[in-house]
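Notes follow once the structure below has been shown.
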Amino acid sequence: MFYVGVLLFVVPVSHWIDKWSRKKMIGLMAFCWSAFTLFTGCSGSFGQLLAARLGVGLGESGFGAGGTALIAASYPPEKRAAKIGIFNTFITVGILVGMVAGGYVSVHFGGWRTAFYVFAVPGIILGILAFFMQDYSIKKDPGAAATPSFAQNVKSLFANRSLRLIYVGYGFFAVVVFSYLTWLPSLLMRAYGIDEAKAGLVAGALSILTLIGPILGGLFADKWQSISTGGRMKLAAVGIFLASASLWLAFLTVHDVNNKSMMIFSFVMLVIYGITSGMPNPAVMASTQDVVRPEQKGLASGAAYFCMMLFGGAFGPALVGKLSDVFGGGYQGIVYGLYVASLFGVAAAIVWW
7 MFYVGVLLFV
17 VPVSHWIDKW
27 SRKKMIGLMA
37 FCWSAFTLFT
47 GCSGSFGQLL
57 AARLGVGLGE
67 SGFGAGGTAL
77 IAASYPPEKR
87 AAKIGIFNTF
97 ITVGILVGMV
107 AGGYVSVHFG
117 GWRTAFYVFA
127 VPGIILGILA
137 FFMQDYSIKK
147 DPGAAATPSF
157 AQNVKSLFAN
167 RSLRLIYVGY
177 GFFAVVVFSY
187 LTWLPSLLMR
197 AYGIDEAKAG
207 LVAGALSILT
217 LIGPILGGLF
227 ADKWQSISTG
237 GRMKLAAVGI
247 FLASASLWLA
257 FLTVHDVNNK
267 SMMIFSFVML
277 VIYGITSGMP
287 NPAVMASTQD
297 VVRPEQKGLA
307 SGAAYFCMML
317 FGGAFGPALV
327 GKLSDVFGGG
337 YQGIVYGLYV
347 ASLFGVAAAI
357 VWW
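Below is the structure:
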């Protein structure tokens, strides 16, 4: 339901980010996801739990798009990808800390509900602080023409060929990333016979490696852009191509559990995947900000998040699951499904290049 919430709300909320105030929408969305995080812990039925998670998706739909637009407006174009890369890195840090700390709180302080109560507090604090940030929203001139409507803004975005290619590639990119995140623990359990806890630990350790990807990707994207037109998107293309290739190589040897050298090779390939798969995102989000008018920056990034959630959150993992069944299940079924998913990464590289 979290993904559904983002899909439903990210585009209209992003429109209001541009139309009203970026910092105020960030603060409001932080309050929103904190409130619904609290309601998650208070849920008394499955229906209430689903509604609460839908509300958390509403909060996230505004924060990511609003944060990207605010950063893009706060720094010169030649530094955008690097700054967005830092922003993306700390999102990942927050997710990892939340997983570890949430599990600890759940085990030692009264169960899973307590974890949601505790993690509602930081968002409220950050929501308050957001209202004191410097705002870079567009100030409307009283004598200017009427502000374009929501429908007109959306239409103008998708009339932009550069944005269309960015969005299509971003959807393909998300198929690879979301499929890997969803199915890696199951693959580890089926291939190596480890339990769920150990599989989650290994997957989490590999996820930590993704922290360096957005920072490197942002720095390299800005550098490439400074010497070549379209350099940011070329960096994104190289990143997802290397990530897809490393997945193929990693899973070629996953069945050889008794060969230590092959297991080390697979692990190294997954490390490379973790780094390179994190590199495209800051380049992509910075590029969405480069090709639109100042009053469309929030909507441009929001539409990118929509494509990411539609293809990655809704389509990618389901496709791998279906293909796993078609190929006979077990670890080999997952491997074949991820092979197919990685082809979407190659398609993203072609579109972006």
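Quick note: to get this note's numbering, add 6 to the position in the sequence shown (first position is 1). We treat Cβ as the ideally placed atom computed from N, Cα and C, and that holds for glycine. Please read all numbers here as calculations on a predicted model, not as lab measurements.
- Scanning the stretch 260-334 from its first residue to its last, the whole alpha helix (DSSP H) runs of 4-plus residues come out as 266-283, 286-296, 303-314, 322-332.
- With a cutoff of 9 Å on beta-carbon distance, residue 247 and residue 352 are scored as near each other.
- With respect to the 9 Å criterion, residue 304 and residue 120 are not classified as neighbours on the basis of their beta carbons.
- In this structure, the CA atom of residue 42 is about 14 Å from the CA atom of residue 68.
- The beta carbons of residue 87 and residue 292 sit closer together than 9 Å.
- Linking residue 355 to residue 243 through their CA atoms gives a straight-line distance of about 4 Å.
- Short of 6 Å from the beta carbon of residue 282, and not among the five residues preceding or following it, lie these beta carbons of its own chain, in chain order: 245, 248, 249.
- Between the alpha carbons of residue 133 and residue 155 lies a gap of roughly 28 Å.
- Here the alpha carbons of residue 205 and residue 198 stand approximately 9 Å from one another.
- When C-alpha distances from residue 319 are compared across 167, 58, 176, 125, the shortest belongs to 176.
- Excluding five sequence positions before and after residue 90, the CB atoms of its chain that fall closer than 7 Å to its own CB belong to 74, 77, 224, 288, 291, 292, given in chain order.
- Here DSSP, grouped into helix, strand and coil, assigns residue 165 to coil.
- The alpha carbon of residue 273 has as its nearest neighbour, out of 333, 252, 312, the alpha carbon of 252.
- No Cβ-Cβ contact shorter than 9 Å links residue 10 with residue 308.
- Nearest to residue 220 by alpha-carbon distance, out of 97, 28, 71, 60, is 97.
- In the structure shown, residue 137 adopts coil according to DSSP, grouped into three states.
- Pairing residue 56 with residue 14 gives a Cβ-Cβ distance that is not under 9 Å.
- Residue range 28-48 is occupied by the alpha helix (DSSP H) that includes residue 43.
- Residue 256 and residue 338 have their alpha carbons spaced roughly 13 Å apart.
- Check the Cα spacing between residue 138 and each of 34, 179, 331, 326: the tightest is with 34.
- The criterion of a C-beta distance shorter than 9 Å is satisfied by residue 315 and residue 180.
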